[in-house]
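For reference, the structure is listed below as structure tokens.
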Amino acid sequence: LETMKMENTIESPVSGVIKTIKVSEGDSVKTDEVLMVID
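Per this note's numbering, the very first residue in the sequence shown carries number -14; after that it's consecutive.
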């Protein structure tokens, strides 16, 4: 995740395989917005 030329690592609380990515590169996202679905 990148914001204002800074990169932030987001760790998942669960393990699994990414099933769906809900956002595209360059999208603005809100707090608590779902970014991906992990199966």
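Where is the CB? At the ideal position from N, CA and C, for every residue including glycine.
On a predicted model such as this, the values are computed, not experimentally measured, just so you know.
Residue i to residue j span [Cα, whole Å]
i, j, result
"residue 14", "residue 1", "23 Å"
Enclosing beta strand (DSSP E) for residue i [first to last residue]
i, result
"residue 14", "Unbroken run through residue 14: none, as it is neither H nor E."
Identity of the residue in the options nearest residue i by Cα
i, options, result
"residue -10", "5, 6, -4 and 11", "11"
Cutoff 7 Å; reference residue i; Cβ partners in own chain excluding five residues on either side
i, result
"residue 3", "21 and 23"
DSSP bridge partner residues for residue i (one or two, in chain order)
i, result
"residue 22", "5"
"residue -11", "The partner list for residue -11 (beta bridge, DSSP) is empty, contrary to what the question assumes."
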